[in-house]
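Asks:
Protein chains: 2
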Amino acid sequence: MKRLEERIQKEGLVKKGNVLKVDAFLNHQMDIELFNEMGKEFRRLFPDEGITKILTIEASGIGIACIAAQYFHVPVVFAKKSQSLNLDAEQYRAKIESYTHKKTYDVIVSKKYLKPEDNILILDDFLAAGRAAEGLIDIVRSAGATVAGVGVAVEKYFQEGGKRLREKGVRVEALAAVQSMDEATGKIVFLRQEE
Amino acid sequence: MKRLEERIQKEGLVKKGNVLKVDAFLNHQMDIELFNEMGKEFRRLFPDEGITKILTIEASGIGIACIAAQYFHVPVVFAKKSQSLNLDAEQYRAKIESYTHKKTYDVIVSKKYLKPEDNILILDDFLAAGRAAEGLIDIVRSAGATVAGVGVAVEKYFQEGGKRLREKGVRVEALAAVQSMDEATGKIVFLRQEE
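Listed in order, the protein sequences are those of chains A and B. For the record, in the first sequence the residue sitting at position 166 is 150 according to my numbering, with numbers rising by one throughout. For the record, in the second sequence the residue sitting at position 121 is 105 according to my numbering, with numbers rising by one throughout.
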């Protein structure tokens, strides 16, 4: 998505440890007009009329998912990062290893909001190592529901997450796929995509 | 706001310790159509053309703030709950005591996204003891910016937060104000508001 790529080129910052900082418009300050364009693009990429719900994960996926949901006319559920080890029979749960924060946390979704008949679109801001998406897929499958696909604003294509998901047969769509980025020069190269 | 009150009556659950559980439509699963009605109502309550930004706090304020922002045509910034004690000169910071979780945490906002010329509308899902709103107000004022007001989906009017903020001269608007709720019977009574 050209507009998102341009914005990343203009305002994204390449930081130490393969971090792409886009907090000016995507995950701290949020440009809602841009989010609307992204929501329309997610709808174009996932035209399936059978999607029943959007699943995301707190915190930075929520805004993207809520704005996109307007084009799908479905509710959003966000998985919560749990700090307690309190096991609750009423929740689906997955362990996610955070690439950025180098730690493992539990995410939970109430069983009330995922049903076997659901066809779930997973949306998030970033796809890198793919652990968050995999955790959400596990949760959807625990509920006996179907994964319609995974949509992300930015895929760090040089990391293995997207490849691994695609090899498992999951449909993955990124609005902007970063092929390489250079901490020293700040240069960001996007994957050449078909028009 | 009648539609929100009706929804709370129908699907809200009164839990031990003065907890009102509305995770079916407000802060775990999110009804985006309802959020749009809420966004329009926030706009009606805060018609000020001078609002430059909406500030909220992760995680459950983000969806409400993003949908509402479409009616204000401004960006959203969400304050992040910080787990580190790492002091960063580039961030505004406030300490917030959580009523529900009985603990204190830091929230941070990058100095890049709050400027003295900003006129900030603070939006959140709940107002109870008022600590989150006060923390966000502190952050706005640390930036030398102005607080246009505080808007919440649900105010627990029987707790002291809203009263304390109003006494300090902050404009506070709640879409649904709970006057009383009863854990034993599940009964929820809303504050009688003018039409």
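C-beta: ideal position from N, C-alpha, C; glycine also.
Using a cut-off of 7 angstroms between C-beta atoms, extract the partners of B:Ser94 located in chain A.
Replies: By Cβ distance, chain A contributes Asp7 and His12.
Asks: What does the Cβ neighbour count give for A:Val173, buried or exposed, with the cut at 16 atoms within 10 Å?
Replies: Flag for A:Val173 reads exposed.
Asks: For A:Pro59, go through chain B and note every residue whose CB falls closer than 9 angstroms to its CB, in chain order.
Replies: Under the 9 angstroms cutoff, chain B gives Phe9, Gln13, Met14, Asp15, Ile16 and Glu17.
Asks: What are the boundary residues of the beta strand (DSSP E) that A:Arg125 is part of?
Replies: Run containing A:Arg125: none in the beta strand (DSSP E); it sits in the alpha helix (DSSP H), Arg115 to Ser126.
Asks: Just list the residues that DSSP pairs B:Asn103 with in beta bridges.
Replies: Bridge partners of B:Asn103: B:Thr130.
Asks: Determine the burial state of A:Lys147: buried for a count of at least 16 other Cβ atoms within 10 Å of its Cβ, exposed for fewer.
Replies: When all chains shown are included, A:Lys147 counts as exposed.
Asks: How do the region 147 to 164 of chain B and the region 125 to 137 of chain B stand: do at least 3 beta-carbon pairs fall below 8 angstroms, yes or no?
Replies: Output reads yes: the region 125 to 137 of chain B touches the region 147 to 164 of chain B.
Asks: Compare the C-alpha of A:Met22 against each of A:Leu149, A:Gly(-4), A:Met(-15) and A:Phe56 and name the closest.
Replies: The shortest C-alpha separation from A:Met22 is found at A:Met(-15).
Asks: Can you tell me whether DSSP reads B:Leu149 as helix, strand or coil?
Replies: Looking at B:Leu149 - three-state DSSP - the assignment turns out to be helix.
Asks: Could you work out which residue in A:Leu175, A:Ile16 and A:Glu33 is closest to A:Ile51 when comparing CA atoms only?
Replies: Answer by Cα proximity: A:Ile16.
Asks: For B:Gly119, count neighbouring C-beta atoms within 10 Å of its own C-beta (all shown protein chains included) and say buried if the count is 16 or more, exposed if not.
Replies: The residue is buried, with at least 16 neighbouring Cβ atoms inside 10 Å.
Asks: According to the neighbour-count rule (16 or more other Cβ atoms, all chains shown, within 10 Å of its Cβ), is A:Glu144 buried or exposed?
Replies: Burial call: exposed.
Asks: Just tell me which of A:Gly1, A:Ala63, A:His85 and A:Leu111 has its CA closest to the CA of A:Ala78.
Replies: Closest option to A:Ala78, Cα to Cα, is A:Ala63.
Asks: May I ask which residues mark the beginning and end of the alpha helix (DSSP H) holding B:Lys171?
Replies: Looking at the DSSP string, B:Lys171 is not in any alpha helix (DSSP H), and its letter there is neither H nor E.
Asks: Does B:Gln54 pass the burial test, meaning 16 or more other C-beta atoms within 10 Å, or should it be called exposed?
Replies: Under this definition B:Gln54 is a buried residue.
Asks: With a threshold of 7 angstroms between beta carbons, is B:Glu101 in contact with chain A?
Replies: No - not a single Cβ of chain A is within 7 angstroms of the one on B:Glu101.
Asks: Would you say A:Asp102 and A:Lys152 are within 7 angstroms of each other, going by their C-beta atoms?
Replies: No.
Asks: List the DSSP bridge partners of B:Met165.
Replies: B:Ile172, per the DSSP bridge assignment.
Asks: Which residues does DSSP list as the beta-bridge partners of A:Val60?
Replies: Looking at the DSSP assignment, A:Val60 forms a beta bridge with A:Ile38 and B:Met14.
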